[in-house]
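Take a look at the structure below.
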Amino acid sequence: MKTLMLNVSLFNAGDDAYETTLHIRLPTGLYFIKILDLIDFSFLLDASSLSRAEEDLNITVHAACENEGEVGNLRRNKATLTIPLKYEVLLTVHGFVNPPSFVYGPKEEDEPEMCVAEKMNFTFHVINTGQSMAPNVSVEIMIPNSFIPRTDKLFNILDVQDETRALKFEIRATAFSEPNPRVIKLNKDENVAHVRLPF
(Lines of atoms letter the chains of each structure in order from A and count residues from 1; the text may use other names and numbers.)
(Lines give C-alpha, C1' and ligand atoms only; values in the text may rest on other atoms or scores of the structure.)
Protein backbone atom coordinates (compact mmCIF):
# COMPACT_ATOMS: atom_id res chain seq x y z
CA MET A 1 0.00 0.00 0.00
CA LYS A 2 1.31 3.43 -0.95
CA THR A 3 0.62 6.36 1.37
CA LEU A 4 0.97 10.13 1.15
CA MET A 5 1.36 12.50 4.12
CA LEU A 6 -0.45 15.84 3.98
CA ASN A 7 0.76 18.64 6.30
CA VAL A 8 -1.65 21.58 6.65
CA SER A 9 -1.07 24.82 8.60
CA LEU A 10 -3.84 27.38 9.12
CA PHE A 11 -2.90 30.88 10.28
CA ASN A 12 -5.08 33.94 10.82
CA ALA A 13 -3.23 37.15 9.95
CA GLY A 14 -6.26 39.45 9.96
CA ASP A 15 -9.03 40.38 12.36
CA ASP A 16 -11.00 38.02 14.56
CA ALA A 17 -12.34 34.95 12.75
CA TYR A 18 -15.64 33.43 13.88
CA GLU A 19 -16.93 29.89 13.21
CA THR A 20 -13.82 29.00 11.24
CA THR A 21 -13.98 25.72 9.32
CA LEU A 22 -11.15 24.02 7.44
CA HIS A 23 -12.25 21.93 4.45
CA ILE A 24 -9.84 19.61 2.68
CA ARG A 25 -10.90 18.19 -0.67
CA LEU A 26 -9.17 15.02 -1.79
CA PRO A 27 -9.08 13.82 -5.41
CA THR A 28 -10.81 10.62 -6.46
CA GLY A 29 -8.86 7.55 -5.49
CA LEU A 30 -7.14 9.20 -2.51
CA TYR A 31 -8.73 8.25 0.81
CA PHE A 32 -8.32 9.64 4.31
CA ILE A 33 -6.82 7.15 6.78
CA LYS A 34 -6.14 9.01 10.04
CA ILE A 35 -4.56 12.08 11.63
CA LEU A 36 -0.99 11.26 12.61
CA ASP A 37 -0.23 14.26 14.84
CA LEU A 38 -1.97 16.18 17.57
CA ILE A 39 -4.00 19.19 16.56
CA ASP A 40 -3.17 22.32 18.57
CA PHE A 41 -5.75 25.05 19.05
CA SER A 42 -4.82 28.47 20.42
CA PHE A 43 -7.48 31.06 21.17
CA LEU A 44 -7.91 34.19 23.24
CA LEU A 45 -10.50 34.66 25.97
CA ASP A 46 -11.75 38.07 27.07
CA ALA A 47 -11.87 38.16 30.89
CA SER A 48 -12.56 41.89 31.30
CA SER A 49 -16.22 41.30 32.23
CA LEU A 50 -15.40 38.62 34.81
CA SER A 51 -16.21 40.39 38.08
CA ARG A 52 -16.86 37.45 40.40
CA ALA A 53 -15.86 33.82 40.12
CA GLU A 54 -15.08 30.76 42.17
CA GLU A 55 -11.59 30.00 43.44
CA ASP A 56 -10.51 28.50 40.08
CA LEU A 57 -11.57 28.81 36.46
CA ASN A 58 -12.42 25.48 34.83
CA ILE A 59 -12.42 25.17 31.03
CA THR A 60 -13.75 21.89 29.62
CA VAL A 61 -12.83 20.67 26.12
CA HIS A 62 -14.80 17.89 24.46
CA ALA A 63 -13.99 16.25 21.13
CA ALA A 64 -16.57 14.32 19.14
CA CYS A 65 -17.08 12.94 15.66
CA GLU A 66 -19.98 11.37 13.81
CA ASN A 67 -18.61 7.83 13.83
CA GLU A 68 -17.43 7.64 17.44
CA GLY A 69 -18.37 4.66 19.59
CA GLU A 70 -20.78 4.56 22.48
CA VAL A 71 -20.47 7.55 24.77
CA GLY A 72 -20.23 5.38 27.88
CA ASN A 73 -17.06 3.72 26.58
CA LEU A 74 -15.24 6.96 25.75
CA ARG A 75 -12.88 8.12 28.48
CA ARG A 76 -10.27 10.28 26.77
CA ASN A 77 -12.34 12.60 24.57
CA LYS A 78 -12.95 15.11 27.37
CA ALA A 79 -10.42 17.25 29.23
CA THR A 80 -10.76 19.91 31.91
CA LEU A 81 -8.20 22.68 32.32
CA THR A 82 -8.06 24.32 35.75
CA ILE A 83 -6.68 27.86 35.94
CA PRO A 84 -5.92 29.23 39.42
CA LEU A 85 -7.60 32.60 39.79
CA LYS A 86 -5.56 35.58 40.98
CA TYR A 87 -7.34 38.66 42.24
CA GLU A 88 -6.20 42.23 41.65
CA VAL A 89 -6.80 43.48 45.18
CA LEU A 90 -5.12 46.20 47.21
CA LEU A 91 -6.23 46.25 50.83
CA THR A 92 -5.54 49.20 53.10
CA VAL A 93 -6.36 49.52 56.79
CA HIS A 94 -6.83 52.86 58.53
CA GLY A 95 -7.57 53.37 62.20
CA PHE A 96 -7.88 56.01 64.87
CA VAL A 97 -8.53 56.08 68.60
CA ASN A 98 -10.48 58.44 70.85
CA PRO A 99 -9.12 59.74 73.22
CA PRO A 100 -5.72 59.68 71.50
CA SER A 101 -3.75 59.09 74.75
CA PHE A 102 -4.09 57.98 78.36
CA VAL A 103 -2.03 58.15 81.57
CA TYR A 104 -0.79 54.86 83.00
CA GLY A 105 0.28 54.67 86.65
CA PRO A 106 0.60 57.43 89.29
CA LYS A 107 1.75 60.92 88.23
CA GLU A 108 4.12 61.30 91.20
CA GLU A 109 6.43 58.67 92.65
CA ASP A 110 4.91 58.76 96.16
CA GLU A 111 1.32 59.11 94.98
CA PRO A 112 -0.81 56.03 95.77
CA GLU A 113 -1.99 54.10 92.76
CA MET A 114 -5.65 54.41 91.95
CA CYS A 115 -7.43 52.45 89.25
CA VAL A 116 -9.69 54.66 87.18
CA ALA A 117 -11.73 53.07 84.42
CA GLU A 118 -11.71 54.99 81.18
CA LYS A 119 -13.32 54.09 77.89
CA MET A 120 -11.42 54.23 74.60
CA ASN A 121 -12.92 53.88 71.15
CA PHE A 122 -10.88 52.30 68.34
CA THR A 123 -12.22 52.60 64.79
CA PHE A 124 -10.73 50.68 61.86
CA HIS A 125 -11.48 51.08 58.15
CA VAL A 126 -10.64 48.24 55.74
CA ILE A 127 -10.73 49.38 52.10
CA ASN A 128 -10.10 47.47 48.87
CA THR A 129 -8.83 49.83 46.16
CA GLY A 130 -8.06 47.03 43.69
CA GLN A 131 -9.99 46.18 40.54
CA SER A 132 -11.34 42.81 41.74
CA MET A 133 -13.54 41.64 44.57
CA ALA A 134 -11.56 40.60 47.65
CA PRO A 135 -12.70 37.12 48.75
CA ASN A 136 -12.16 35.64 52.22
CA VAL A 137 -10.70 38.79 53.79
CA SER A 138 -9.81 38.59 57.48
CA VAL A 139 -8.57 41.34 59.80
CA GLU A 140 -6.62 40.59 62.97
CA ILE A 141 -6.49 43.28 65.66
CA MET A 142 -3.73 42.68 68.22
CA ILE A 143 -3.86 44.79 71.38
CA PRO A 144 -0.80 45.32 73.64
CA ASN A 145 -2.39 44.43 76.94
CA SER A 146 0.38 45.00 79.53
CA PHE A 147 3.59 46.89 80.20
CA ILE A 148 6.60 44.76 81.15
CA PRO A 149 7.48 43.87 83.92
CA ARG A 150 3.89 44.23 85.09
CA THR A 151 1.29 41.70 84.06
CA ASP A 152 -1.77 43.78 84.91
CA LYS A 153 -4.37 43.56 82.18
CA LEU A 154 -4.91 46.99 80.64
CA PHE A 155 -7.86 46.48 78.32
CA ASN A 156 -11.16 44.64 78.52
CA ILE A 157 -13.35 44.56 75.44
CA LEU A 158 -16.75 46.02 76.27
CA ASP A 159 -18.47 46.12 72.91
CA VAL A 160 -17.89 45.64 69.19
CA GLN A 161 -20.01 47.55 66.69
CA ASP A 162 -19.68 46.45 63.10
CA GLU A 163 -20.92 47.78 59.79
CA THR A 164 -19.89 44.87 57.57
CA ARG A 165 -20.49 41.13 57.42
CA ALA A 166 -17.83 40.47 54.80
CA LEU A 167 -14.99 40.53 57.32
CA LYS A 168 -13.99 38.33 60.21
CA PHE A 169 -11.40 39.56 62.69
CA GLU A 170 -9.84 38.38 65.90
CA ILE A 171 -9.09 40.56 68.93
CA ARG A 172 -6.46 39.38 71.38
CA ALA A 173 -3.64 40.65 73.58
CA THR A 174 -0.06 40.41 72.31
CA ALA A 175 1.81 40.04 75.61
CA PHE A 176 -0.50 37.65 77.43
CA SER A 177 -2.93 36.27 74.92
CA GLU A 178 -6.29 34.91 75.94
CA PRO A 179 -6.69 31.12 75.68
CA ASN A 180 -9.92 31.65 73.72
CA PRO A 181 -9.74 34.95 71.80
CA ARG A 182 -12.99 36.49 70.65
CA VAL A 183 -13.73 36.03 66.97
CA ILE A 184 -16.27 38.50 65.64
CA LYS A 185 -18.08 37.97 62.33
CA LEU A 186 -19.17 41.25 60.84
CA ASN A 187 -22.00 42.07 58.48
CA LYS A 188 -21.74 42.70 54.69
CA ASP A 189 -22.73 46.22 53.78
CA GLU A 190 -19.96 48.55 54.91
CA ASN A 191 -16.33 48.14 55.92
CA VAL A 192 -16.01 49.82 59.34
CA ALA A 193 -15.64 48.20 62.76
CA HIS A 194 -15.83 50.12 66.05
CA VAL A 195 -14.14 48.58 69.10
CA ARG A 196 -14.60 50.04 72.59
CA LEU A 197 -11.99 49.11 75.18
CA PRO A 198 -11.90 50.13 78.86
CA PHE A 199 -8.79 50.13 80.99
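Just so you know, we're using our numbering here: the sequence shown kicks off at 119 and counts up by one.
The beta-carbon is built from N, C-alpha and C at its ideal position, and this holds for glycine as well.
DSSP on Ser256, reduced to helix/strand/coil? strand
Can Leu208 and Asn246 be called in contact, C-beta distance under 8 Å? yes
Here's a check: name, in chain order, each residue in its chain whose Cβ is nearer than 6 Å to the Cβ of Gly248, leaving out the five neighbours to either side. Glu206, Val207, Leu208
Which of helix, strand or coil does DSSP assign to Lys152? coil
Please name the residue in Leu203, Gly132, Tyr136 whose C-alpha comes closest to that of Met251. The shortest C-alpha separation from Met251 is found at Leu203.
Going by C-alpha to C-alpha distance, which of Thr178, Phe240, Ser219, Thr198 sits closest to Gly213? Phe240
By the 10 Å Cβ neighbour count, where 16 or more other Cβ atoms means buried, how is Thr138 classified, buried or exposed? Exposed.
Burial state of Val179 (16 or more Cβ within 10 Å): exposed
Leu156 versus Ser127, Pro253, Leu144, Leu148, residue with shortest Cα-Cα distance: Ser127
May I ask which residues mark the beginning and end of the beta strand (DSSP E) holding Leu199? Where Leu199 is concerned, the enclosing beta strand (DSSP E) starts and stops at 196-202.
Beta-carbon within less than 7 Å of Thr210's beta-carbon, same chain only, minus the 5 sequence neighbours each way: which residues are those? Ile245, Thr247
Return the first residue and the last residue of the beta strand (DSSP E) that Lys271 is part of. Where Lys271 is concerned, there is no enclosing beta strand (DSSP E), given that its DSSP letter is neither H nor E.
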